[in-house]
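The block underneath contains the structure these notes are about, expressed in structure tokens.
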Amino acid sequence: MLSLCSLSLIDWSELILNLLREHGFTHIFIAPGARSTPLARAALEALEQTDYVLHFDERSLAFAAVGVGKTRLHKAVVIVTSGTAVGNLLPAVMEASLSLTSLILLTADRPYELREASANQTLDQVKLFTNFTRWEFDLPPPNDGLASNWLASIIAYAAWKATDGPVHLNCMFREPFISYPLVIPNLHPKYVTGEIIINYQPTWYKKGLFMVAEYMDEECFQLLIQLAQKLQWPILVEIGCSARYHFMHNAVIPYYELIKWPPVDMIVQFGERLISKIPSTKEYILVSQSPFRIDASVTVTTRIVANAKMLLKSWLIHTNLTQPNHWLHLWQHLNWCVTYRLRKYFAREFHLSEPGVIRVCFQNAKPIMFVGNSMPIRDANQFVECCVHDYYPVHVFSNRGVSGIDGNLATSMGIIYALKKPLMCLLGDLAFLHDLNSLHLLRNYDVSIVILNNNGGGIFSFLPNMVMPICTCSHEYVNFFHIAKQFHFQYYEVTTWYELILCLKNAHGAKIIEIHTNRDENFQLHKQITQFIHK
Numbered sequence: 075m076l077s078l079c080s081l082s083l084i085d086w087s088e089l090i091l092n093l094l095r096e097h098g099f100t101h102i103f104i105a106p107g108a109r110s111t112p113l114a115r116a117a118l119e120a121l122e123q124t125d126y127v128l129h130f131d132e133r134s135l136a137f138a139a140v141g142v143g144k145t146r147l148h149k150a151v152v153i154v155t156s157g158t159a160v161g162n163l164l165p166a167v168m169e170a171s172l173s174l175t176s177l178i179l180l181t182a183d184r185p186y187e188l189r190e191a192s193a194n195q196t197l198d199q200v201k202l203f204t205n206f207t208r209w210e211f212d213l214p215p216p217n218d219g220l221a222s223n224w225l226a227s228i229i230a231y232a233a234w235k236a237t238d239g240p241v242h243l244n245c246m247f248r249e250p251f252i253s254y255p256l257v258i259p260n261l262h263p264k265y266v267t268g269e270i271i272i273n274y275q276p277t278w279y280k281k282g283l284f285m286v287a288e289y290m291d292e293e294c295f296q297l298l299i300q301l302a303q304k305l306q307w308p309i310l311v312e313i314g315c316s317a318r319y320h321f322m323h324n325a326v327i328p329y330y331e332l333i334k335w336p337p338v339d340m341i342v343q344f345g346e347r348l349i350s351k352i353p354s355t356k357e358y359i360l361v362s363q364s365p366f367r368i369d370a371s372v373t374v375t376t377r378i379v380a381n382a383k384m385l386l387k388s389w390l391i392h393t394n395l396t397q398p399n400h401w402l403h404l405w406q407h408l409n410w411c412v413t414y415r416l417r418k419y420f421a422r423e424f425h426l427s428e429p430g431v432i433r434v435c436f437q438n439a440k441p442i443m444f445v446g447n448s449m450p451i452r453d454a455n456q457f458v459e460c461c462v463h464d465y466y467p468v469h470v471f472s473n474r475g476v477s478g479i480d481g482n483l484a485t486s487m488g489i490i491y492a493l494k495k496p497l498m499c500l501l502g503d504l505a506f507l508h509d510l511n512s513l514h515l516l517r518n519y520d521v522s523i524v525i526l527n528n529n530g531g532g533i534f535s536f537l538p539n540m541v542m543p544i545c546t547c548s549h550e551y552v553n554f555f556h557i558a559k560q561f562h563f564q565y566y567e568v569t570t571w572y573e574l575i576l577c578l579k580n581a582h583g584a585k586i587i588e589i590h591t592n593r594d595e596n597f598q599l600h601k602q603i604t605q606f607i608h609k
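For the sequence shown, our numbering gives the first residue as 75, with consecutive numbering after it.
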């Protein structure tokens, strides 16, 4: 019996698909995604024995797989990544269940340690379809306690149970997709909650900083500024916090992702999920009223379950003025250098680029900005300056709960319906295609939909080489002109900065603004920007 701990995740995935093939499941339907890379790669490397279909929309893909099963002559497997991609399978699972159609779902998932940790694109996928499946099972990553015969037994049972309905195999994959040695833990986190909060006072380090991950109201942010002034700490504000656009304070550092960080001893984070990746420090305090575990990066040393405003008031009372130090000045200088270099870079940029378009859109922001997941939210977090608009405050929204690319347009409709203010929605072409029906909901509103069309999955260019080209999902649409006309949207395909700015400034009513970019060029551009900043 072969121990599975010696297998890479690609080998493990090949074994799963080979065993399924032995039971007649020879048609593979693949939706692009990073976490499902081992399964997708294994499927594509077995082309002689397997037929496959690659499509960006999990809902449609799953129904196509159901169609294969309905022939009663063939059987299909669906492979999707984690998060909302799994939820999109539900309608097809319901159909397969009630029509007694054979179907196996292989859904990628995070490993045990990233569950109940507020990890990105992660939710409880176990038994998600329990009312409609014939069987479901949570497949662990390979380890010393497993053997190949065990997996063969599991797959044989799954194939048998899928004779007259769907079976869900939830596959946990741990990054990196290679083996690594066990390290003795040096983290000893503690929780501070209840009455303890009143008397809890951290030991403030000189080299510390504040992180604001999400919404913080004006009063709370003003308290944070006062504390930052006392401590001479910088405040790093993510794109989802509107304080980034309401306060031009010298303690606010927008370009922290592009700065080469000096060594930091302490971080105090307000809010939950971060877009950016933050290094570990001696002391990492996370403040949130959420009762859930929030520590996907396993760096939090102190978790405070409390109202941020109440906590900041307490800290301000009990925190003495520190001796002046140059820590904040250092961050201000680094941020100013990045600001200068970025402005210089984009001032000379001739062709439209994804980071440049995001910057220009925020420079011409609507009162409501909705930023789609994948590359738009990351580019906005990296490249958008702190700026206060003269005519109205800007509020930024996004779907960061599970970070899916579906439902972005529908969410935008709900926001503009409730707030009754003009809205600009920035998203990629796949996110747009995922939610076409929602254009019907938006057609009568003052909304500008800016589509960065890189022909499918630009973010995958930033992943390791083993992921490409498995995760790409090109489409054959030259542009979205006919889609815009079908839903009575104005349509503009812009190719110059002048055209883009003109469209944004004169944006009234429902309109679609499409910009074509190149995935490979975009990847190289990000590298060029980083090199230009630090040269």
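Where is the CB? At the ideal position from N, CA and C, for every residue including glycine.
Contact fails between the segment 405–417 and the segment 464–484, because fewer than three Cβ pairs, one in each stretch, are under 8 angstroms apart.
Annotation: the segment 140–216 contains the following complete segments of the alpha helix (DSSP H) (minimum length 4 residues), in chain order: 158–161 and 164–172.
Note: V241 is bridge-paired with I178 and W209 in the DSSP secondary-structure output. With fewer than 16 other Cβ atoms inside 10 Å of its own Cβ, I270 counts as exposed. DSSP places V326 in the strand class (E or B) of the three-state scheme.
In terms of Cβ geometry, S364 and V374 do not form a close pair [threshold 9 angstroms]. Apart from sequence neighbours up to five positions away, the residues of its chain that approach N438 with a beta-carbon distance below 7 angstroms are I575, L578 and K579, ordered along the chain. When DSSP reads this structure, F344 sits in a beta bridge with V286 and V361. Rounded to the nearest whole angstrom, the CA to CA distance from L402 to Q306 is 5 angstroms. The beta carbon of D480 lies closer than 7 angstroms to those of T158, N162, H508 and D509 in the same chain, with the five residues before and after it left out. For I84, the three-state secondary structure derived from DSSP is helix.
Around the beta carbon of D594, fewer than 16 other beta carbons lie within 10 angstroms, which makes this residue exposed.
The Cβ neighbour count for Q199, taken over all protein chains shown within 10 Å, is at least 16; the residue is labelled buried. For the 9 angstroms CB-CB criterion, K304 and N394 form a contact. L128 is bridged by DSSP to I104. DSSP, read as helix, strand or coil, puts I90 in helix. Taking a C-beta distance under 9 angstroms as the contact criterion, P240 and A170 qualify as a contact pair.
In this structure, V152 lies near I178, with their beta-carbon atoms less than 9 angstroms apart. C-alpha of L526 to C-alpha of D503: approximately 6 angstroms in a straight line. Looking at R184, S134 and Y186, the one whose alpha-carbon comes closest to that of L164 is S134. The beta-carbon distance between V154 and E119, rounded to whole angstroms, is 19 angstroms. This is too long to meet the 8 angstroms contact definition.
Contact between the segment 337–355 and the segment 280–290 is present: three or more C-beta pairs spanning the two stretches fall below 8 angstroms. In this structure, M443 keeps its C-beta atom at 9 angstroms or more from the C-beta atom of M487. Nearest to T111 by C-alpha distance, out of L180, I352, L213 and I368, is L180.
A check of alpha carbon separations from L360 across I607, A150, P276 and L513 identifies P276 as the nearest. Residues of the same chain with a CB within less than 7 angstroms of the CB of V311, apart from the 5 flanking positions on each side, are V286, A317, R318, V326 and P328 in chain order.
Residue environment: K334 is assigned as exposed (fewer than 16 neighbouring CB atoms within 10 Å of its CB, all protein chains considered). Residue F247 holds the alpha-carbon nearest to the alpha-carbon of A108 among F563, C435, A492 and F247. In the three-state reduction of the DSSP assignment, Q306 falls in the coil class.
Taking a 10 Å sphere around the C-beta of H600, we find 16 or more other C-beta atoms and assign the residue as buried.
Rounded to the nearest angstrom, the gap between the Cα atoms of P215 and V476 is 22 angstroms.
DSSP places F420 in the helix class (H, G or I) of the three-state scheme. With a threshold of 16 other beta carbon atoms within 10 Å, W405 meets it and is buried. Assigned with DSSP and collapsed to three states, E292 falls in helix. For the options S427, M384 and S87, the alpha carbon positioned closest to that of Y274 is the one of M384.
At a Cβ-Cβ threshold of 9 angstroms, V445 and S427 do not count as neighbours.
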